[in-house]
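Colleague: The structure is given below, and queries will be raised subsequently.
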Amino acid sequence: MEYILYEQKEQYAVLTINREKALNALNSQVLDELNEALGQVNLEEVRALVITGAGAKSFVAGADIGEMSSLTKAEGEAFGKKGNDVFRKIETFPIPVIAAVNGFALGGGCELAMSCDIRICSENAVFGQPEVGLGITPGFGGTQRLARLVGAGMAKQMIYTARNIKAPEAYRIGLVNEVYAAETDEAGNVVKSAQEVLLAAAEKMASTIAKNAPIAVRNCKKAINDGLAVDMDKAIVIEEKLFGDCFETEDQKYGMAFFLDKNKEKVKEAFKNK
Ligand code: DAK
7 MEYILYEQKE QYAVLTINRE KALNALNSQV LDELNEALGQ VNLEEVRALV
57 ITGAGAKSFV AGADIGEMSS LTKAEGEAFG KKGNDVFRKI ETFPIPVIAA
107 VNGFALGGGC ELAMSCDIRI CSENAVFGQP EVGLGITPGF GGTQRLARLV
157 GAGMAKQMIY TARNIKAPEA YRIGLVNEVY AAETDEAGNV VKSAQEVLLA
207 AAEKMASTIA KNAPIAVRNC KKAINDGLAV DMDKAIVIEE KLFGDCFETE
257 DQKYGMAFFL DKNKEKVKEA FKNK
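Our numbering puts the first residue of the sequence shown at 7, with every later residue one more than the last.
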């Protein structure tokens, strides 16, 4: 693939959008390759996925404006569907997906981050939905996911004004869970860039998730996503079913046996090859 780097690191993987010259803007090829790369994730082994952008300047600076500029209505709709399909694939991906936002996350870039389960960012990150300034509406789910994440009032303000926000404001409104700064020594020299600190944190989170029972983690993602789409009476039923689904699995038997049995080594040994 030309624009996607993918590295599996034991039980988690890092997917990098690698089109640094254009600040990782999403053209059709990037979207196609992203779709293909997701299809190739080994879900037998990988339990959490980190998505980031190449370089320290940009996560994804949006959909490719050059490519979009000459689209007809029909082509625009097809392009929107391509993006929506791949973002929805991320949102409903069986395992948790963490967006490590290392710089600009504008338009389609902000929308890509919002289709992930969790967003963390570097101190130089910038978020925004600048589409109305370009004569279009956010087309990859921005009007829907931003409103759900930060509330309708704040989403409307960001979308109508097309104003970009920096990392501290994104943190304040709940668009990101954490902001990471560069590490400096006593003299103030940078010993680790914010991007390095961010990626290390994203990988640590992915690895922590990967240590937990995989069926339970997957079912939690599904319960939260599916439950949010319906009213509470239906949501509780969704939770009940996914809760019940965990029973009789090796994960559940091991997790509970490990807690209950005083002889932890015996339990580990008994479940070693399961
Ligand atoms: N598309 C294409 N190229 C881009 C790009 C983009 N979104 N963003 C940056 N680049 C390219 C620049 O053209 C430049 O290329 P060269 O001139 O070097 O060839 C290179 O990346 C470096 O960018 P700059 O020279 O501009 O770098 P600066 O540091 O000066 O500025 C910036 C960085 C991020 C502030 C600036 O590049 C910028 O404003 N970029 C555009 C950001 C933006 O407006 N993004 C939103 C795009 S709209 C839909 C589906 C989806 C969408 C809409 C509808 N349908 C339903 C059909 C989504 C829309 C969007 O995402």
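Note that beta-carbon positions come from the ideal geometry of N, C-alpha and C, so glycine has one too. Please read all numbers here as calculations on a predicted model, not as lab measurements.
I'd like the span of the alpha helix (DSSP H) that includes Tyr18, first residue to last.
Modeller: No alpha helix (DSSP H) contains Tyr18, which is instead part of the beta strand (DSSP E) from Tyr18 to Ile23.
Colleague: Below 8 Å between beta carbons: does that hold for Gly61 and Glu26?
Modeller: Against a cut-off of 8 Å, the Cβ pair of Glu26 and Gly61 comes out as a contact.
Colleague: Please indicate yes or no: does the CB of Ala28 lie closer than 7 Å to some heavy atom of the ligand DAK?
Modeller: At least one heavy atom of the ligand DAK is nearer than 7 Å to the Cβ of Ala28, so yes.
Colleague: Given this structure, state the Cα-to-Cα distance separating Ala229 from Phe253, to the nearest angstrom.
Modeller: Looking at the two C-alpha atoms, the distance is approximately 16 Å.
Colleague: Looking at the unbroken alpha helix (DSSP H) that takes in Thr143, where does it start and where does it end?
Modeller: Segment: none, Thr143 is in no alpha helix (DSSP H) and carries neither H nor E.
Colleague: Sorry if obvious, but does the Cβ on Glu137 come closer than 7 Å to a heavy atom of the ligand DAK?
Modeller: Flag set: Cβ of Glu137 near the ligand DAK.
Colleague: Is Asp91 near the ligand DAK, with its Cβ less than 7 Å from a heavy atom?
Modeller: Flag unset: Cβ of Asp91 not near the ligand DAK.
Colleague: Glu42 and Glu8 look like a contact to me (Cβ under 8 Å); what is the Cβ gap, rounded to whole Å?
Modeller: 11 Å between Cβ atoms; not a contact.
Colleague: Can Pro102 be considered in contact with the ligand DAK, in the sense that its beta carbon sits closer than 7 Å to one or more heavy atoms?
Modeller: Checking the Cβ of Pro102 against the ligand DAK gives no.
Colleague: Check for me: the beta strand (DSSP E) holding Val223 runs from which residue to which?
Modeller: Val223 -> not in any beta strand (DSSP E); alpha helix (DSSP H) instead, spanning Pro220 to Leu234.
Colleague: Measuring only between beta-carbons, confirm whether Glu209 sits less than 8 Å from chain B.
Modeller: Within the model displayed, chain B is absent; a lone protein chain is all it includes.
Colleague: Go ahead and label Gly148 buried or exposed: buried means 16 or more other beta carbons lie within 10 angstroms of its beta carbon, across all protein chains shown.
Modeller: Looking at its Cβ environment, which holds 16 or more other Cβ atoms inside 10 Å, Gly148 is buried.
Colleague: Name the residue from Val56, Phe93, Cys127 and Ala19 whose alpha carbon lies nearest to the alpha carbon of Ala200.
Modeller: For Ala200, the nearest C-alpha among the options comes from Cys127.
Colleague: How is the alpha helix (DSSP H) around Cys116 delimited, first residue to last?
Modeller: Element bounds for Cys116: Gly114 to Ser121.
Colleague: If you run the structure through DSSP and keep just helix, strand and coil, what is Arg125?
Modeller: Residue state, collapsed to three classes: strand.
Colleague: Need the endpoints of the alpha helix (DSSP H) that Ala131 sits in, please.
Modeller: Unbroken run through Ala131: none, as it is neither H nor E.
Colleague: Could you tell me the distance, in whole angstroms, from the CA atom of Thr22 to the CA atom of Gly45?
Modeller: Cα-Cα distance, rounded: 15 Å.
Colleague: Considering just the uninterrupted stretch of the alpha helix (DSSP H) at Lys162, what are its terminal residues?
Modeller: Unbroken alpha helix (DSSP H) run through Lys162: Ala158 to Thr167.
Colleague: Between Met238, Ile179, Val182 and Val203, which has its C-alpha nearest Thr190's C-alpha?
Modeller: Considering only alpha carbons, the answer is Val203.
Colleague: Once the 5 residues before and after Asn33 are set aside, which same chain residues still bring their CB inside 7 Å of it?
Modeller: Cβ within range, chain order: Asp70 and Glu73.
Colleague: Using 8 Å as the Cβ pair cut-off and three pairs as the minimum, do the region 132-150 and the region 161-172 touch?
Modeller: Contact holds: three or more Cβ-Cβ distances are below 8 Å.
Colleague: Taking the continuous alpha helix (DSSP H) assigned at Ala216, which residues delimit it?
Modeller: It spans Ala200 to Lys217 - the alpha helix (DSSP H) in which Ala216 sits, taken as one unbroken run.
Colleague: I'd like to know if the region 267-276 and the region 243-250 are in contact, where contact means that at least 3 CB-CB pairs between them fall below 8 Å.
Modeller: The answer is no - the region 243-250 does not touch the region 267-276, with fewer than three Cβ pairs under 8 Å.
Colleague: With DSSP collapsed to three states, give me the class of Phe264.
Modeller: Residue state, collapsed to three classes: helix.
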